[in-house]
Structure formats: C-alpha cells, structure tokens
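Student:
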Amino acid sequence: MKKLLLITMLLVIIVLAACNSEDSAEQGEDNKEEDVEEVNSEDRDEQRDDDAENKEEKENLDQKEEQADKEEVVEEIEPQYQMTDQWTFTPIEDGDPEVVLLTIDDVPDGQALEMAETLKELDASAIFFVNGIFMENEKDREIIKQIHDMGFAIGNHTYSHHNLQDLSEEEQYEEIISLNELIEEVIGEKPKFFRAPHGANTDYASELVKEEGMLLMNWTYGYDYFEPYMEAEKLQEAMISGKAPEIDVPNSLLRDGANLLMHDREWTNDALEDIVEGLREQGYEMLDPESILTPQDEE
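If you use mature numbering (1 follows the signal peptide of the UniProt record, and there is no 0), the sequence shown corresponds to residues -17 to -1, 1 to 282, in order.
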C-alpha cells in the first residue's frame, strides 16, 4: 500500500513538474515574442526616422537643384545688339547680322497665348507689347504671366492705347507708368521695351521712357492692320517678302535687323508659323530680345 502511495505521489510530482516546465516555456515564448515585437517596433521607428531623414534630404536636394536651374535660367545674357536710328538692330560685336525681331502689339486681345505657344514650339523669340485695358481681369493677367513664364519679353504699349500726342504730360505719365506698375505686379519685373500706339511719340514720353530704363522703339514694317492683309495667306506673303504692293510698298523692306510689327489678331495668328518658317528659309533667325542693349543695361 505504501509502495502504491509513493508511486502515486511520484506521478503527481512528475505531472506538476511537467506543467510548470510547459508554463515556463510558454512564458518564455511570450517574452521572446514580446522582445521580438519590441525590437521590430524599434526597427520600424528607426526605419521611419531614416525614411523621413532621406525624404528631407531629397527635398533639400531637389530644392537646391531647382534653385540652381532658376539661377541658370535668369542668368543675364550679355547684350549683343543695339538699335539704330532706323529702328533696326545691328550687332555690337560678333552677333549674327541676319536676324529680325518679332513684335506683337495689343496683347492680350484673344490670340496672344496661342501665338506664344506657336512661337515656343518653333523656338522663336518675340516681344509681346501689352495694353492695360486688356489686363483688367485676372484671366488676362494670368495669360500675360504665362507668356512671360514661357520666356517671352513683355513690353509696354501704354495703358489705354491712346495717341500720346493728343494727351497732356500728366496723362502721358499715367498711360506709361500705371502700366509699368501693373506689368511688374503681374510678372515680377519692369518691362525693358516701350512702343507708343500708332508709333506716335512725344519728347516728354521719350524722356520718361528712358528714365524708366526702357528702350523706345517703332518698327521697320508691319501689314496686318491694313485691310488687304487681314487674311492669313496674303499677310504671310507680305511679311516674308517685306513687300505690300496693295498699300504702295512695292520694294522689300526686309533687311538685316528688321523690326517686324504684328498684332494680336486672328489672321496673324493663323499666318504666324508660316511667317517664321518663311523668314528662316531666307536665312533669318529671330532675334532674342534679351540680347538687345537697353537703358537698363547701361545703368
């Protein structure tokens, strides 16, 4: 009987020991899992920190590269051309003489953005002369900003497009200065070029324009405001040849450094690509306005 009791007690002890051992093992596994989870959590935190740091470094690098690109874009071009008394342009030193300047007046009056896009695709430079009366709403101001951001020069064509010779000096001042201020507000810089409506300048306006650091210019020829050339095909032929026999211009006015006048008009927009390609076929390239010497460069 005693022997049976001893055997029973021994079995109970063995069972209890086995249970304790199993509990300890389970506890150990739980602790191990907790330790692993804690390590994994630390790893994840470290990875997140690394990712955040890498992202910040990448953003800083991107910003530096973007700033470098902007600095490269805004790097000033040394003036290579100067305007003559005939409103044409001649090389200062080693510039290519076979160039013409494209200018577009009365902007933005419906076609300007599309004209800028056409010129951009053709890699052809131009000056867009704007009027304040066409910039009185946010949509049109945004068009001017877009044209400027595409790399085109924005010029002053007066606020209201009045003939300056019919205005007092105070009115002339307002026409020019108020538009300068508006242009600077929209594109972040003052214009470098001025063209009076109808080419009608005054001594007062000429001096004011110079004081403002702008280059006053007229043009060599332009035909899209004459009724016989308010049609794309005829205008194209006239601008490429320099001739306009229907308005008594039988001889070509196209020459090295010519200053070509166009307007924000539907027929001009339709003819623009052919005009640029036709001029290039004759050996002319479009003059970059940034390479023109202005009073701002002389300050």
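Just so you know, even glycine gets a beta-carbon here, dropped at the ideal spot from N, CA and C.
Using only the alpha-carbon positions, how far apart do lysine 175 and isoleucine 137 sit?
Tutor: If I take the Cα positions, the gap works out to 8 Å.
Student: Return helix, strand or coil for serine 268, following the three-state DSSP convention.
Tutor: A quick correction: the sequence has glutamate, not serine, at residue 268. The answer is strand: DSSP assigns glutamate 268 an E or B state.
Student: In the DSSP output, what is asparagine 139 paired with across the bridge?
Tutor: Note: asparagine 139 sits in a beta bridge opposite Val113, Phe177.
Student: Which class does alanine 107 belong to by DSSP, given the choice of helix, strand or coil?
Tutor: Alanine 107 falls in the coil class under three-state DSSP.
Student: Quick check on the DSSP output: the alpha helix (DSSP H) that includes isoleucine 130 runs from which residue to which?
Tutor: Counting along the chain, the alpha helix (DSSP H) containing isoleucine 130 begins and ends at 121 to 132.
Student: Among Leu255, Thr141, Lys173, Ala221, which has the Cα closest to the Cα of alanine 183?
Tutor: Per the Cα distances, Thr141.
Student: DSSP on alanine 227, reduced to helix/strand/coil?
Tutor: Here alanine 227 sits in strand by DSSP.
Student: State buried or exposed for proline 272, treating a residue as buried only when at least 16 other CB atoms are found within 10 Å of its CB.
Tutor: With 16 or more Cβ atoms within 10 Å of its Cβ, proline 272 is classed as buried.
Student: For the structure I just gave you, are there three or more beta carbon pairs, one from the segment 183 to 200 and one from the segment 227 to 234, closer than 8 Å?
Tutor: The segment 183 to 200 vs the segment 227 to 234: no contact.
Student: For leucine 198, name the three-state secondary structure that DSSP assigns.
Tutor: Looking at leucine 198 - three-state DSSP - the assignment turns out to be strand.
Student: State the DSSP-derived secondary structure class of isoleucine 87, mapped to helix, strand or coil.
Tutor: It is a strand residue.
Student: What distance in whole Å lies between the Cβ atoms of glutamine 155 and tyrosine 187, which are believed to be in contact at a cut-off of 8 Å?
Tutor: Contact flag correct, Cβ pair sits at about 6 Å.
Student: Between aspartate 186 and chain B, is there a C-beta pair that is closer than 7 Å?
Tutor: Considering every chain present, this structure includes no chain B. It has just one protein chain.
Student: For valine 57, name the three-state secondary structure that DSSP assigns.
Tutor: Confidence at valine 57 is low in this model, with a pLDDT of 45, below 50, so its placement is unreliable and the value that follows should be read with caution. DSSP places valine 57 in coil when its eight states are reduced to three.
Student: With three or more beta-carbon pairs closer than 8 Å as the criterion, would you say the segment 65 to 76 touches the segment 121 to 139?
Tutor: Judged by Cβ distances under 8 Å, the segment 65 to 76 makes no contact with the segment 121 to 139, as fewer than three pairs qualify.
Student: Do the segment 62 to 69 and the segment 94 to 101 make contact, defined as three or more Cβ pairs closer than 8 Å?
Tutor: Too few Cβ pairs lie closer than 8 Å, so no.
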